[in-house]
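Just so we're aligned: the sequence shown equals residues 0 to 121 in numbering that gives the first Met the number 0.
Have a look at the structure below before the remarks.
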Amino acid sequence: MRFLVDENLSPLVARLLSDAGVDAAHVLDCGLGGASDAELSAIAVTEGRTIISADSDFAAMLALSQNVAPSLVLLRSGDHLRPHQQAELLLANLPSLADDLAEGVVVSLGPMGMRVRPLPLR
Numbered sequence: 000m001r002f003l004v005d006e007n008l009s010p011l012v013a014r015l016l017s018d019a020g021v022d023a024a025h026v027l028d029c030g031l032g033g034a035s036d037a038e039l040s041a042i043a044v045t046e047g048r049t050i051i052s053a054d055s056d057f058a059a060m061l062a063l064s065q066n067v068a069p070s071l072v073l074l075r076s077g078d079h080l081r082p083h084q085q086a087e088l089l090l091a092n093l094p095s096l097a098d099d100l101a102e103g104v105v106v107s108l109g110p111m112g113m114r115v116r117p118l119p120l121r
């Protein structure tokens with residue numbers, strides 16, 4: 000699994016994931032600060048990465064485009080969690096999501112649970 004962490008999340012989230020052995024890059028560390036959602040989506044597809052974001056605009060863009068990639072992990076209530084808590088939540092759930100993320104899904108993930116929807120969104 001490879002991830003691209005959106006700039007609305009702390010770069011610390013990507014570092015903590017990387018420290019745990021997950022291939023995760025933060026958009027700022029990749030020189031992609033200020034890139035549009037469409038640009039990030041295209042890069043994620045090209046690099047085979049899943050986007051991790053707290054921005055529901057990504058899900059709306061995927062729904063409108065009817066694309067089957069990239070997969071998206073949408074952190075819900077992410078603003079109520081510190082970066083280390085966000086990373087812990089992700090690390091606790093990523094193993095069970097590996098197959099789904101490879102197939103193309105939007106995962107809505109929060110402290111109260113998760114919801115997985117296959118792409119394209121309908």
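All residues carry an ideal CB built from backbone N, CA and C; glycine is no exception.
Source: prediction; values computed, not measured.
Contact between the segment 90-110 and the segment 37-46 is absent, with fewer than three C-beta pairs closer than 8 Å. By the neighbour-count criterion, in which 16 or more other beta carbons inside 10 Å mark a residue as buried, S70 falls on the buried side. By the CB criterion at 9 Å, A91 and L74 fall outside the cutoff. Under the three-pair Cβ rule at 8 Å, the segment 15-35 does not count as touching the segment 57-64. Counting only residues of its own chain and dropping the five nearest sequence neighbours on each side, E87 has no CB closer than 7 Å to any other CB.
Listed as beta-bridge partners of M113 by DSSP are L108. If one requires a minimum length of 4 residues, the alpha helix (DSSP H) runs lying completely within the segment 30-99 are 36-46, 56-64, in chain order. Scanning P82, V72, E102, L16 for the CA closest to the CA of M113 turns up V72. Our two residues, L31 and I50, have alpha carbons roughly 13 Å apart in a direct line.
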